[in-house]
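Protein chains: 2
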Amino acid sequence: MELRWLQSFVAVAEELHFSRAARRLHLAQPALTAQIKQLESTVGAPLFTRTNRMGGLTPAGVALLPEARAILARTSTLKQTVGRAADGQAGELRLGIIPPAALDFVAESVREFTLRFPGLDVSVRQDSQARLVAALQEGELDLVLGRDPSGALPRASLGHRRLLAEEQGILLRADHPLAAGPTVALAKLEGATLLLLRGNAYFGGNLRRFAASRGITLKLTPTAEDFPSLHWMVRAGLGIAPCSLLLAATLGPGLVAKRLRPSPPRLGIHLIWRGSAPPPAGARWLKLLRPTAA
Amino acid sequence: MELRWLQSFVAVAEELHFSRAARRLHLAQPALTAQIKQLESTVGAPLFTRTNRMGGLTPAGVALLPEARAILARTSTLKQTVGRAADGQAGELRLGIIPPAALDFVAESVREFTLRFPGLDVSVRQDSQARLVAALQEGELDLVLGRDPSGALPRASLGHRRLLAEEQGILLRADHPLAAGPTVALAKLEGATLLLLRGNAYFGGNLRRFAASRGITLKLTPTAEDFPSLHWMVRAGLGIAPCSLLLAATLGPGLVAKRLRPSPPRLGIHLIWRGSAPPPAGARWLKLLRPTAA
DNA sequence: TTGCCACGATCGCAAGCCGCGATGATAAAG
DNA sequence: CTTTATCATCGCGGCTTGCGATCGTGGCAA
Chain D
119 MELRWLQSFV AVAEELHFSR AARRLHLAQP ALTAQIKQLE STVGAPLFTR
169 TNRMGGLTPA GVALLPEARA ILARTSTLKQ TVGRAADGQA GELRLGIIPP
219 AALDFVAESV REFTLRFPGL DVSVRQDSQA RLVAALQEGE LDLVLGRDPS
269 GALPRASLGH RRLLAEEQGI LLRADHPLAA GPTVALAKLE GATLLLLRGN
319 AYFGGNLRRF AASRGITLKL TPTAEDFPSL HWMVRAGLGI APCSLLLAAT
369 LGPGLVAKRL RPSPPRLGIH LIWRGSAPPP AGARWLKLLR PTAA
Chain Y
119 MELRWLQSFV AVAEELHFSR AARRLHLAQP ALTAQIKQLE STVGAPLFTR
169 TNRMGGLTPA GVALLPEARA ILARTSTLKQ TVGRAADGQA GELRLGIIPP
219 AALDFVAESV REFTLRFPGL DVSVRQDSQA RLVAALQEGE LDLVLGRDPS
269 GALPRASLGH RRLLAEEQGI LLRADHPLAA GPTVALAKLE GATLLLLRGN
319 AYFGGNLRRF AASRGITLKL TPTAEDFPSL HWMVRAGLGI APCSLLLAAT
369 LGPGLVAKRL RPSPPRLGIH LIWRGSAPPP AGARWLKLLR PTAA
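Going down the list, the protein sequences come from chains D and Y.
Using our numbering, read the first sequence as starting at 119 and increasing by one per residue.
Using our numbering, read the second sequence as starting at 119 and increasing by one per residue.
Spelled out as structure tokens, the structure:
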């Protein structure tokens, strides 16, 4: 079966005239006759009633005509469909986000993205850095917002780029003694107990190392399972916690986030993808995300 | 675009391995590589991520795969679809029936036919012989049950075959004097007025010519528009009418149909079609109709 | 009735495409 | 570092396809 045969058949069926159809197809009449003959022998039934003059469609031809039109239509739109998928205007975008990167402006840009490209199915998975990177390498995700993965790239080649850098601060009850000034001196935290989100050792480790380099020892206790729990614990006065200053604007009442003096090194939030470049749909989303992130 | 490219693409996408896919396609690997390359240049986007080792599908490839499968599936069923239409097991059958041929056993066989072949759309049109034959020649009908068309074949070549022959008799009120005996002598009709269905000159003409050849003059007055009206008029005692003895079994109470003595020549009910043979769907229907008609 | 015309079928030839085997290039595996 | 596995490239032979020319035939008009 050849698509060319179907095109020729449709042309002849519409013109009911071999020579005219051949002209329309930019073909000579003998070639067209040969094609129709091949098609007829393939489907095993004559398609036109003709002696040496065109008659009309046989029942087989009547049945074939809509089928052929459907196949040809689908084939002709195929190029556009695939092209849009290649441009990232359609298809699927499976995002992985680690909890600290699940920021409001990320959610907002995803929302805008789905509105702008209805042909795109966006799914988001929130998990730990390690599991997200593993899923990315398995091909289960297309793009991950996570920590710098350059430390450990187990197998497949991942690309990454820093999207933004977050500054670590301290989350306190509003009436906490340390919340008095505009900043919190790192030295004041000597010996203090800091509540940490479970599975967030990367975040806590950065702060601990920075403090240790200045001769200050921090006690970090991973306790909370999620952000709301951590915030509740701090609001309840059970302790204070390191936090990202990016989240300062979204804190509920009774909580404040203060900068540290001196500032620990900023932690990057990275875009991570498989292969040499982000997938096209991911690249389109980044165009929306970038202005907000800057 | 070539269907072969899509087949090759699906094979490679399923195997994720050029050499294996080539073996499955009974093809050498270079030919397969060339086909994929052609497909990629046609759709304008790479379909596989590969350097010299197979990686996986690109977003374009992911989008193409279900499309290609759909097109190929539709193409592979095409032969069956067309084959069934050519065998008359699917498609359309547009019947034309003149009123005298609209017999019960015809309706019954049509019903059985639609039950046996659900893929077939049967439509029936009841009209005058002339209009049905015209519609048949215009390609608006596939098969007509009507009178012998050999007398006047205006343009297109029609085929026909006698399906059955009906004997003309006389329709009477049950208490009519002529209804006493088992038959009605033709001579008794001399000078009588016979009611005739309008547009049924063919039917009446046969009887009139037969009587005339025996020196008997009949007065035929076309009055009734349809069979129920004709029957009502006879039952009301407004006259008597020639009728087909095939209808004798379906007469309501108060009416009888009597044979004529001597019998006029039988009138055939013919199957008429366009071209050299009945359309396949029509032939299938005839196989059901024939045993009943015999 | 007869010639003409329109149209589809057939034929022979040239060109382009397709597929094969051989070979090259390169990354993973040992 | 060598080997192996895998995809890309190359050159050639064969087949298919399309073209022009020609034929056969049914319809149409004079």
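We put the CB at the ideal spot given by N, CA and C, even for glycine.
| query | result |
| --- | --- |
| Proximity below 8 Å, CB of residue 342(Y) to CB of residue 348(Y) | yes |
| Best match in 187(D), 200(D), 127(D) and 281(D) for proximity to residue 174(D) [C-alpha to C-alpha] | 127(D) |
| Segments of 3+ residues assigned as beta strand (DSSP E) that fall wholly inside the region 192–236 of chain D | 209–215 |
| Residue 407(Y) beta carbon less than 8 Å from that of residue 159(Y) | no |
| Reference residue 384(D), options 364(D), 391(D), 352(D) and 370(D), closest by Cα | 364(D) |
| The region 299–309 of chain Y in contact with the region 276–284 of chain Y per 3-pair CB rule at 8 Å | no |
| Partners in chain D for residue 189(Y), counting only beta-carbon separations shorter than 7 Å | 189, 192 and 193 |
| Residue range of the alpha helix (DSSP H) that includes residue 349(Y) | 345–353 |
| Residue 370(D) at chain Y interface by Cβ criterion, 8 Å | no |
| Alpha-carbon spacing of residue 198(Y) relative to residue 393(D), whole angstroms | 44 Å |
| Residue 378(D) versus 301(D), 257(D), 367(D) and 189(D), residue with shortest Cα-Cα distance | 301(D) |
| Under 7 Å from the C-beta of residue 256(D): neighbouring residues of chain Y | Those do not exist, as residue 256(D) stays about 11 Å from chain Y at its closest Cβ, beyond 7 Å. |
| Cβ contact (3+ pairs, closer than 8 Å) linking the region 241–257 of chain D and the region 325–334 of chain D | no |
| For residue 240(D) and residue 417(Y), believed in contact at Cβ under 8 Å, the rounded distance | The question about residue 417(Y) has no answer, for chain Y in this structure spans 119 to 412. |
| Length of the line joining the Cα atoms of residue 325(Y) and residue 244(Y) | 24 Å |
| Segment contact flag, the region 287–300 of chain Y with the region 397–406 of chain Y, C-beta cutoff 8 Å, min 3 pairs | no |
| Limits of the unbroken beta strand (DSSP E) element including residue 362(Y) | 359–362 |
| Simplified DSSP state of residue 246(Y), which is helix, strand or coil | coil |
| For residue 284(Y), three-class secondary structure by DSSP | strand |
| Run of the alpha helix (DSSP H) containing residue 323(D), from where it starts to where it stops | 319–331 |
| Exposure of residue 223(Y), with buried meaning 16 or more beta-carbon neighbours within 10 Å | exposed |
| Residue 151(Y): first and last residue of the uninterrupted alpha helix (DSSP H) it sits in | 147–161 |
| Whether residue 209(Y) touches residue 181(D) by CB criterion (8 Å) | yes |
| Best match in 141(Y), 142(Y) and 391(Y) for proximity to residue 278(Y) [C-alpha to C-alpha] | 391(Y) |
| For residue 338(Y), the first and last residue of its enclosing beta strand (DSSP E) | 337–342 |
| Coil, strand or helix - residue 387(Y) by DSSP | strand |
| Proximity test, Cβ basis, 8 Å: residue 180(Y) and chain D | yes |
| Beta-carbon proximity check, residue 211(D) vs residue 261(D), cutoff 8 Å | yes |
| Cβ of residue 397(Y) within 8 Å of any chain D Cβ | yes |
| Terminal residues of the alpha helix (DSSP H) in which residue 171(Y) lies | That residue, residue 171(Y), is in no alpha helix (DSSP H); it is neither H nor E in DSSP. |
| Residue 316(Y) burial status per 10 Å Cβ neighbour count (16 or more: buried) | exposed |
| Residue-chain proximity (residue 185(Y), chain D), Cβ-Cβ < 8 Å | yes |
| Chain Y contact for residue 120(D) (CB, 8 Å cutoff) | yes |
| Beta-carbon spacing of residue 320(Y), residue 247(Y) below 8 Å | yes |
| Residues near residue 353(D) in its chain [Cβ-Cβ closer than 8 Å; skip 5 each side] | 291, 370, 372 and 373 |
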